Each structure stands twice: as C-alpha cells, then as structure tokens.
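Q: Those protein sequence lines, which keep their order, are chains A and B. Under this note's numbering, think of the first position of the first sequence as 593, with each following residue one higher. Under this note's numbering, think of the first position of the second sequence as 534, with each following residue one higher. For each residue, glycine too, the CB sits at the ideal point set by N, CA and C. Everything numeric in this text was worked out from a predicted model, so none of it was measured. Take this structure first; my questions come after.
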Amino acid sequence: MSASSRETSTRRAWPSRMITTAQTIIGAVALLGVAAWVTLNPILLLLFLFAQPALLVGIALFVVAALASLASGSATAASGANAARPEALSHRPAIS
Amino acid sequence: MSPAGGLLGFLRSSPRFGEGWGSWVDWGMVVALVACVAIVALIVATRAFYRHRSTTAPALFLSMLSLGVLPIILVWIGNFTAVEYAKQERFCASCHDAMAPYVDDMRKAHGTSLSSLHFQDNFAPTQPGIQCYACHASYGVHGTLKAKMQGLGDAYRYITGTYRTPIQMPTGFKNSECLKCHLASRLFQRIRLHRDEQGQISAPLIEGTVSCGMCHVAGHLLGGTT
Numbered sequence: 593m594s595a596s597s598r599e600t601s602t603r604r605a606w607p608s609r610m611i612t613t614a615q616t617i618i619g620a621v622a623l624l625g626v627a628a629w630v631t632l633n634p635i636l637l638l639l640f641l642f643a644q645p646a647l648l649v650g651i652a653l654f655v656v657a658a659l660a661s662l663a664s665g666s667a668t669a670a671s672g673a674n675a676a677r678p679e680a681l682s683h684r685p686a687i688s
Numbered sequence: 534m535s536p537a538g539g540l541l542g543f544l545r546s547s548p549r550f551g552e553g554w555g556s557w558v559d560w561g562m563v564v565a566l567v568a569c570v571a572i573v574a575l576i577v578a579t580r581a582f583y584r585h586r587s588t589t590a591p592a593l594f595l596s597m598l599s600l601g602v603l604p605i606i607l608v609w610i611g612n613f614t615a616v617e618y619a620k621q622e623r624f625c626a627s628c629h630d631a632m633a634p635y636v637d638d639m640r641k642a643h644g645t646s647l648s649s650l651h652f653q654d655n656f657a658p659t660q661p662g663i664q665c666y667a668c669h670a671s672y673g674v675h676g677t678l679k680a681k682m683q684g685l686g687d688a689y690r691y692i693t694g695t696y697r698t699p700i701q702m703p704t705g706f707k708n709s710e711c712l713k714c715h716l717a718s719r720l721f722q723r724i725r726l727h728r729d730e731q732g733q734i735s736a737p738l739i740e741g742t743v744s745c746g747m748c749h750v751a752g753h754l755l756g757g758t759t
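If you want it as structure tokens, here you go:
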C-alpha cells in the first residue's frame, strides 16, 4: 500500500473507528444498566447514574461519524463497503 | 445488598396500598431495562452483520437506533426512574447493616417509634413507598438535591466501610422536617405547648431552639437506641 493510499485509508476509516468507539462506550453503559435494573443493586444503580455522561459522549461520537459518512457519500451499500476496506480500492486493477 | 428478588421482586410487590401495577416508576424500570437490552442486542447485531461495513446505509440505520434513539430514551427515562426509585424505603433498606434496622423499626406493625407510627398511618405526604424520604428530605427541588448529595456521601461511607452502627444523622433531626406537615394541622395547633401566650405557634419551635424530640418519642427505636 502506497503512502497516499494509506493516508486515504486512515481518512476513510476514522468514522468507522468512531462508530466502534461509540458502540463500545454505549454498549458498556447498557450492560451496566441491565445489571443495575435486574438486580436493583444500589451501587450498580449509582454507577449507572454516573455513567450517563458517557452515553452522551457515545451519542456525540456516533452523530459526528454518521454525518461524516453521509457527507463523504460513503453511506451507500457499495461504496460504503469499500470505504471500510480501502485496501480493496487501492488494489483494484486499473480499468483500461 | 440488593432488594430481595431484584426487579421481578419489586414489580411483584408493586400492587400496594390498593394501587395496581403500573406506577410510572414501575414502567420506567421496565422501559429502561428494555432499552438497555435492545441497545446491547442491536450493537451485537450490527457488529455481526456489518463488521467491516459500519458506515454503510443499513448499518448506519441500525446504529442510529442503538447509538442514537435508544440511548437518548435511556438517558431520559433511566435517570428519572433511578432518582425516583432512590426515594423508596426499599432502596434505603438496601444498605443492610446501616439502614435496614431503621427501616425494619419503621415497618413494625405495632411499633411505638415516631417513624413506625407515621408508617402505620401512611403519613407520606406525596406517594406511598417513600416514607423515609417524606420525613428526611425537605420539599421541592432543593430538598431533593440536598437529600441526594447527602445520600451520595452515605453511599460512599457504606462502600468504603467508614461508618459506625448505629448510624447517626450528621446534624440531628430538624424541627422543620416535622413542621412542614404538622404546622398547618389543627391537631398540632390545638396543643397548648405548641403555642405562645399570644396564641401563635411557639417561636422556639419554629426556630428549632426547642427540639420536637424533647417531648416526643424517638424517631426510631433500635433496642433502646435512637
């Protein structure tokens, strides 16, 4: 992979990474919420309350990533697939 | 230290004081739990089906649900429900060593402590199930915030084990917590000792220089300890 294609890869991958980060943050808080609400353990409930700002951070990350994806036009079935795998584009044979 | 039976136990015992299931705290708990489960399920589904295509339109739609709509609902409903649930005596009794003796004393069917007498007569000014909160927190947002801040301190001491039993209130029980309900009642006003020579409510009572507890039995009776 050339330097320019690597740069393109990084640029295209960051929304995907942001979505992964958002999924990790929000998923962790949701799991904590499941544990807290099922057991009604006061410590878990307090932790769940304190974790609420993390939910807002996750939502913000997703919104930024989604807007970036939509703005770059990658939010389509075909190009989106390639956007997540830019190496597929860089190794595509030239059309003569 | 969680209430017996967790959420299911709470919901099963929910029809109380003649009310059916379905108070908004009940619903809030169920909606918050469903939202949490749905978020986890949708994230797992997105990771499974769109692992390398997270910025495609279908993946973004799924993510909009799991990372946008549902978390917003969870922030709103989850916070409100947790704060309201934390007002219930069941929550207070969760800290078994420290708080449970006080709640047990309050729930005694033939108890003679003030808390037990209030509980027997269902003297909770707003809604059932929050008897601790009714007497130990002032009215309004200010009272709620103050109680929550104090509760955080109590939770910290409980988690770190830096408390002694029987626990004591940091500032004693203020007259204002009694007077917020009793001041306007005719029964209270009829008592001669509550009034001064002009027939007005006694100033030392309102100012708190004379404690209600000087004449009245203790709020809680824990084997002779208040």
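Going by the beta-carbon positions, is the gap between residue 565 of chain B and residue 611 of chain B smaller than 8 Å?
A: Within the second sequence, the letter at position 32 stands for residue 565 of chain B. Within the second sequence, the letter at position 78 stands for residue 611 of chain B. Yes; because the gap between Cβ atoms is below 8 Å, this pair is in contact.
Q: Which residues, in order along the region 670-687 of chain B, keep a beta-carbon less than 7 Å from a beta-carbon of chain A?
A: The residues in question: there are none.
Q: For residue 613 of chain A, return the contacting residues in chain B, with the cut-off set at a CB-CB distance below 8 Å.
A: Along the first sequence, read from residue 1 onward, the residue named residue 613 of chain A stands at position 21. Correct list: empty, because the minimum Cβ distance to chain B is about 10 Å.
Q: Under 8 Å, do residue 689 of chain B and residue 680 of chain B count as touching if we go by C-beta distance?
A: Position 156 of the second sequence, counted from the first residue, corresponds to residue 689 of chain B. Position 147 of the second sequence, counted from the first residue, corresponds to residue 680 of chain B. No, these two residues do not count as a Cβ contact at 8 Å.
Q: Relative to the C-alpha of residue 696 of chain B, which residue among B/749, B/556, B/630 and B/645 is closest?
A: Within the second sequence, numbered from 1, the residue matching residue 696 of chain B stands at position 163. The candidate whose alpha carbon is nearest that of residue 696 of chain B is B/630.
Q: Going straight from the alpha carbon of residue 557 of chain B to that of residue 624 of chain B, what length do you get?
A: Here residue 557 of chain B refers to the residue found at position 24 of the second sequence. Here residue 624 of chain B refers to the residue found at position 91 of the second sequence. Rounded to the nearest angstrom, the two C-alpha atoms are 17 Å apart.
Q: Could you confirm whether any beta carbon from chain A is found closer than 8 Å to the beta carbon of residue 539 of chain B?
A: Against the second sequence, residue 539 of chain B aligns to sequence position 6. Residue 539 of chain B counts as touching chain A.
Q: Consult DSSP for residue 734 of chain B and reduce its assignment to one of helix, strand or coil.
A: For the purposes of this step, residue 734 of chain B is taken as the residue at position 201 of the second sequence. If DSSP states are grouped into helix, strand and coil, residue 734 of chain B belongs with the strands.
Q: Consult DSSP for residue 598 of chain B and reduce its assignment to one of helix, strand or coil.
A: One-based indexing of the second sequence puts residue 598 of chain B at position 65. In this structure, residue 598 of chain B counts as helix in the three-state DSSP scheme.
Q: Please list the partners that residue 580 of chain B has in chain A, where partner means a Cβ-to-Cβ separation under 8 Å.
A: On the second sequence, position 47 is the one that residue 580 of chain B refers to. Result: 615.
Q: In angstroms, rounded to a whole number, what distance separates the CA positions of residue 627 of chain B and residue 634 of chain A?
A: The residue you call residue 627 of chain B lines up with position 94 of the second sequence. The residue you call residue 634 of chain A lines up with position 42 of the first sequence. When rounded, the distance between both Cα atoms is 7 Å.
Q: Mind checking which residues open and close the alpha helix (DSSP H) that includes residue 638 of chain B?
A: The residue you call residue 638 of chain B lines up with position 105 of the second sequence. Residues 629-640.
Q: Could you tell me whether the region 614-625 of chain A touches the region 648-660 of chain A, where touching means 3 or more Cβ pairs closer than 8 Å?
A: Yes, they touch.
Q: Kindly indicate which three-state DSSP category residue 750 of chain B falls into: helix, strand or coil?
A: Taking the first residue of the second sequence as 1, we reach residue 750 of chain B at position 217. Correct three-state label for residue 750 of chain B: coil.
Q: Is the region 592-607 of chain B touching the region 696-715 of chain B, taking contact as three or more C-beta pairs under 8 Å?
A: The answer is no - the region 696-715 of chain B does not touch the region 592-607 of chain B, with fewer than three Cβ pairs under 8 Å.
Q: Judging by CA-CA distance, which residue of B/677, B/711 and B/635 is the nearest neighbour of residue 656 of chain B?
A: On the second sequence, residue 656 of chain B is found 123 positions in, with the first residue counted as 1. Ranking B/677, B/711 and B/635 by Cα distance to residue 656 of chain B puts B/711 first.
Q: Under 7 Å, CB to CB, which of the residues in the region 615-636 of chain A have a partner in chain B?
A: Per Cβ criterion, the list reads 615, 618, 619, 622, 623, 625, 626, 629, 630, 631, 632, 633, 634 and 635.
Q: Against chain A, which members of the region 696-718 of chain B pass a CB distance test of less than 9 Å?
A: Residues: none.
Q: Taking Cβ-Cβ distances shorter than 9 Å, what residues in chain A pair up with residue 595 of chain B?
A: Along the second sequence, one-based indexing puts residue 595 of chain B at 62. Neighbours of residue 595 of chain B on chain A: none; closest Cβ ~11 Å, over 9 Å.
Q: Given a threshold of 16 other Cβ atoms within 10 Å of its Cβ, counted over all protein chains shown, does residue 648 of chain B qualify as buried or as exposed?
A: Residue numbering aside, residue 648 of chain B sits at position 115 when the second sequence is read from its first letter. Flag for residue 648 of chain B reads buried.
Q: Less than 8 Å separating the beta-carbons of residue 624 of chain A and residue 639 of chain A?
A: For this step, residue 624 of chain A is matched to residue 32 along the first sequence. For this step, residue 639 of chain A is matched to residue 47 along the first sequence. A contact, by the Cβ cut-off of 8 Å.
Q: Anyone know if the C-beta pair for residue 626 of chain A and residue 643 of chain A falls short of 8 Å?
A: Counted from its first residue, the first sequence places residue 626 of chain A at position 34. Counted from its first residue, the first sequence places residue 643 of chain A at position 51. No.
Q: Got a sec: which bits of the region 560-572 of chain B sit with their beta carbon under 9 Å from any beta carbon on chain A, in order along the chain?
A: Within the region 560-572 of chain B, the residues whose Cβ lies closer than 9 Å to some Cβ of chain A are 562, 563, 565, 566, 568, 569, 570, 571 and 572, listed in chain order.
Q: Helix, strand or coil, according to DSSP, for residue 647 of chain B in the structure here?
A: The residue labelled residue 647 of chain B in the question sits at position 114 within the second sequence. If DSSP states are grouped into helix, strand and coil, residue 647 of chain B belongs with the helices.
Q: Residue 539 of chain B and residue 632 of chain A: beta carbons closer than 8 Å?
A: Looking up residue 539 of chain B in the second sequence gives position 6. Looking up residue 632 of chain A in the first sequence gives position 40. In contact: residue 539 of chain B and residue 632 of chain A (Cβ atoms closer than 8 Å).
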